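Following: one structure in structure tokens, then a few remarks.
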């Protein structure tokens, strides 16, 4: 019932609120392929965003184990911003358009040239009563969008994969 509680994109209305997906009326099944080194996957989200977008698709391209790109493409029904949501059990470090997260001997770096504003807040707790951190990356106002967000994992030298 609250799309922003998931690791998705959402349109942002004129009051700064995140819009929710429409009720699912058909299966939304990702298509893709991969092996021990790469992953390519696409999911068409036209049905779940039909009330707010004319089209929406998410593509995941992972050319190697420690790096992947999430591309969100679509067209809003009205001009507005798009927000990218990500949840974590650890707080994020935000420096301009670059976000990082350190946990269990690895650093996750997140970057996107499209990011206009990055923020985070504590957003409840999980079933073990640990705080959940919610990262929100917001675009400039758009109608058509193509947001490419890169994720890189940097392992400690002794734990590199």
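Numbering (the numbering used here), first residue to last: 578 to 738. Idealized CB from N, CA, C, for every residue including glycine. Predicted, not measured: the structure shown is a model, and the values here were computed from it.
Beta-carbon spacing of residue i, residue j below 8 Å
i	j	result
residue 728	residue 692	no
residue 709	residue 680	no
residue 659	residue 722	yes
residue 653	residue 720	yes
residue 639	residue 596	no
residue 589	residue 715	yes
residue 673	residue 726	no
residue 625	residue 655	no
Burial state of residue i, where buried means 16 or more other Cβ atoms lie within 10 Å
i	result
residue 619	exposed
residue 738	Bear in mind that the predicted position of residue 738 carries a pLDDT of just 49, short of 50, making it too unreliable to give a figure here.
residue 642	exposed
residue 670	exposed
residue 592	exposed
The ligand MG heavy atom lying under 7 Å from the CB of residue i
i	result
residue 712	The ligand MG is absent from the structure shown, which contains no ligand whatsoever.
Coil, strand or helix - residue i by DSSP
i	result
residue 734	helix
residue 581	helix
residue 700	strand
residue 648	strand
residue 602	coil
residue 625	coil
residue 662	strand
residue 711	strand
residue 675	strand
residue 670	strand
For residue i, the residue or residues it bridges with in DSSP
i	result
residue 619	608, 636
residue 591	Partner(s): none; residue 591 has no beta bridge.
residue 723	650
residue 728	645, 687
residue 657	719
residue 680	683
residue 586	661
Is the stretch 597 to 611 touching the stretch 693 to 702, taking contact as three or more C-beta pairs under 8 Å? no
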